[in-house]
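*Asks:*
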Amino acid sequence: MLYSLVFLRSMIDLNFPKYNFRFKNSQNKIAVFDELRKKFIILTPEEWVRQHCTQFLIQEKEFPKSLINVEKQLKLGKLTKRYDVVVYNSDGSIHLIVECKAPHIKITQNVFDQIAQYNMTLDADFLMVTNGLSHYYCKMNYEAGEYEFLPEIPAYKLA
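Under this note's numbering, the first residue of the sequence shown is numbered -19, with each subsequent residue one higher.
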């Protein structure tokens, strides 16, 4: 249990509002309850960011939980990858892809290349990249073949 308390204290404050999470000790590891996957997930620095990000999308941007998908496989040619968070439009098209990194990981061009590669398959309207401390939001412009940086991601609205 001492390890658990030390680990929880080491989870740094992120650049998100404060949210309440449920934790449990599972085989001497801390797990956090993911309300989207409806199960406890081992708490890693990246998972800490993902949990805050999904709560941000639900509570601040008012996206319905039913439109949010977390940690699913994605086929990129012969490669199988995993995206962090995808938010769907009500028609089933993809509204937003989120790439989460641990707080100690710098957001570099490689991270943007990674999400751009995912988006070649997913065709999202918006992209978000975060390490919990820095957040970047982009709107896709498919006609021009580029993305435009935004100051924030738009809140949910019915299509």
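Each residue gets a CB set at the ideal place from its N, CA and C atoms; glycine is no exception.
#1: Check each candidate in Ile77, Ala104, Phe3, Asp103 and name the one with the smallest Cα separation from Ile21.
#2: For Phe43, name the three-state secondary structure that DSSP assigns.
#3: Hey, is the segment -6 to 1 in contact with the segment 28 to 38, meaning 3+ C-beta pairs nearer than 8 Å?
#4: Is any beta-carbon of chain B found at less than 8 Å from that of Ile77?
#5: Kindly indicate which three-state DSSP category Ala96 falls into: helix, strand or coil?
#6: Go ahead and label Arg30 buried or exposed: buried means 16 or more other beta carbons lie within 10 angstroms of its beta carbon, across all protein chains shown.
#7: When DSSP labels each residue in this structure, what does Phe36 get in the three-state scheme?
#8: At 3 residues or longer, what runs of the beta strand (DSSP E) sit wholly inside the segment 97 to 129?
#9: For the structure I just gave you, are there three or more beta carbon pairs, one from the segment 93 to 104 and one from the segment 72 to 82, closer than 8 Å?
#10: Looking only at C-alpha atoms, which of Leu23, Asp14, Lys18 sits nearest to Ser6?
*Replies:* The structure says:
#1: Phe3
#2: coil
#3: yes
#4: Among the chains in the structure shown there is no chain B, since it carries only a single protein chain.
#5: helix
#6: buried
#7: helix
#8: 106 to 110, 115 to 121
#9: yes
#10: Leu23
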